[in-house]
Ligand SMILES: NC(=O)c1ccc[n+]([C@@H]2O[C@H](COP(=O)([O-])OP(=O)(O)OC[C@H]3O[C@@H](n4cnc5c(N)ncnc54)[C@H](O)[C@@H]3O)[C@@H](O)[C@H]2O)c1
């Protein structure tokens, strides 16, 4: 059996799909368990969640093609450092590609072999959408459509997972948020693009029978995390003895979800595949911790883990921010056995240890 490699020559890559398909389904035995080696396309591979997912899949022996445009919304150095880890794996291939650029995307993917897509590239962040709305339309709408077109035209594609967000629930106050709740009153442009992605995905699944799964992530945190998120900037400022800005006077609830729990959930979905749906092969899941914490308690835990007190400046609520997020996870639990395990002290402890090591603090 031909073993797939990202280092095939163009001629080899032009061989029939059947051979690739056979190669991509090679069975291997690890720890006395048989499993299939697959090849994945991950967008946003230099990002926080994409990096962790790619690393887990590579650790399991799979092949990963990563795409990222390495934009400077936050530290490019951090994105490069994540990539440096991934480049250490033989079966990782990377392309600096903008998913909003149809030609660049198609040229890069031409003749690449993969059977599952995890589409995570996006312009993230709620507050930045007030400053730079066009970045959201480009990456999250044009880019999302381009990825659906990639999925539509890829013969043998088995499944595409894509990132949505808890922000689609807008300012709802009836907790916890369920996937069946109405989510048509977004209060930020970011949320509006994510909800639009779900709608467009549904149409593509319906029209072209593409198996699609959307994941509404709830405040993911952990090592190698995003510097634009509050827990990261709080850590930086607390360690530097600088004042931190606490919005809504700390009176906010967030369903903080540790990265390892998120990755375990995503891998369970990728392994099992899409769950059969009555109409279009599309389903959207909440993926959160199901245990919201107040920002106040979160800060205290972070202070304990860092061994330092924060200097606080209390401020009113920011436009676009929501007072609470809390995920009902019964659907992903019953379909995929998703069960978040990590307590805040453990998760923030791991983050703080990574932060100190990475920043040599
Ligand atoms: N981390 C969270 O708490 C959270 C919560 C809700 C939703 N999400 C969603 O999950 C996904 C991954 O989030 P993350 O936390 O890893 O964010 P991230 O910003 O760390 O990763 C996204 C990556 O996509 C890349 N990217 C952005 N626009 C691109 C484009 N046009 N072409 C190619 N690459 C592009 C960025 O350079 C970045 O490396 C995003 O879609 C995000 O909206 C994340």
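Residue numbers (the working numbering): 1 to 361. C-beta: ideal position from N, C-alpha, C; glycine also.
> Do you know whose CA, among 328, 294, 360, 337, lies nearest residue 178's CA?
Replying inline: Considering only alpha carbons, the answer is 328.
> By DSSP, does residue 80 sit in helix, in strand, or in coil?
Replying inline: When secondary structure is reduced to three states using DSSP, residue 80 falls in the helix class.
> In the segment 189–255, which residue ranges form an unbroken alpha helix (DSSP H) of at least 4 residues, counting only runs that do not cross its ends?
Replying inline: Complete alpha helix (DSSP H) runs here, min 4: 189–208, 230–240.
> So what's residue 303 in DSSP terms, helix, strand or just coil?
Replying inline: Residue 303 sits in a helix when the DSSP states are folded into three classes.
> Is residue 232 near residue 225, with beta carbons less than 7 angstroms apart?
Replying inline: A contact, by the Cβ cut-off of 7 angstroms.
>> Do residue 222 and residue 391 have their beta-carbon atoms positioned less than 7 angstroms apart in this structure?
In response: Nothing in the structure corresponds to residue 391, since the chain is present only between 1 and 361.
> Nearest CA to the CA of residue 324: which residue from 309, 169, 281, 185?
Replying inline: Shortest Cα-Cα distance from residue 324 to any of 309, 169, 281, 185 involves 169.
> Are the Cβ atoms of residue 86 and residue 54 separated by less than 7 angstroms?
Replying inline: Against a cut-off of 7 angstroms, the Cβ pair of residue 54 and residue 86 comes out as a contact.
> Under the DSSP definition of a beta bridge, which residues are partnered with residue 160?
Replying inline: 117, 212.
> In chain order, what residues of the same chain lie with their CB nearer than 8 angstroms to the CB of residue 361, ignoring the 5 residues before and after it?
Replying inline: Hits under 8 angstroms: 239, 355.
> If you draw a straight line from the alpha carbon of residue 337 to that of residue 331, how long is it in whole angstroms?
Replying inline: Computed Cα separation, rounded: 9 angstroms.
> Nearest-angstrom Cα distance between residue 208 and residue 152?
Replying inline: Roughly 7 angstroms between the two C-alpha positions.
>> To the nearest angstrom, how far is the alpha carbon of residue 315 from that of residue 252?
In response: As the crow flies, the alpha-carbon of residue 315 is around 12 angstroms from that of residue 252.
>> Please state whether the Cβ-Cβ distance between residue 293 and residue 247 is less than 7 angstroms.
In response: Residue 247 is positioned such that its CB atom lies no closer than 7 angstroms to that of residue 293.
> For residue 353, is the classification buried or exposed, using 16 other Cβ atoms within 10 angstroms of its Cβ as the cut-off for buried?
Replying inline: The residue is exposed, with fewer than 16 neighbouring Cβ atoms inside 10 Å.
> Across which residues does DSSP place residue 93 in a beta bridge pair?
Replying inline: Under the DSSP definition of a beta bridge, residue 93 partners with 65.
> Roughly how far, in whole angstroms, is the beta-carbon of residue 137 from the beta-carbon of residue 41, given that I think they are within contact range, below 8 angstroms?
Replying inline: So it is not a contact: roughly 23 angstroms between Cβ atoms.
> Taking C-beta to C-beta, are residue 104 and residue 70 nearer than 7 angstroms?
Replying inline: Inclusion of residue 104 and residue 70 in the CB contact set at 7 angstroms is not warranted, their separation being larger than that value.
> For the beta strand (DSSP E) that contains residue 367, what are its first and last residues?
Replying inline: There is no way to answer for residue 367, as the model of the chain reaches only from 1 to 361.
> Tell me which same chain residues have a C-beta within less than 7 angstroms of the C-beta of residue 263, skipping the five on either side of it?
Replying inline: Same-chain partners within the cutoff: 52, 53, 56.
> Do you know how far the Cα of residue 62 is from the Cα of residue 280?
Replying inline: Distance between residue 280 and residue 62, taken at the CA atoms: about 29 angstroms.
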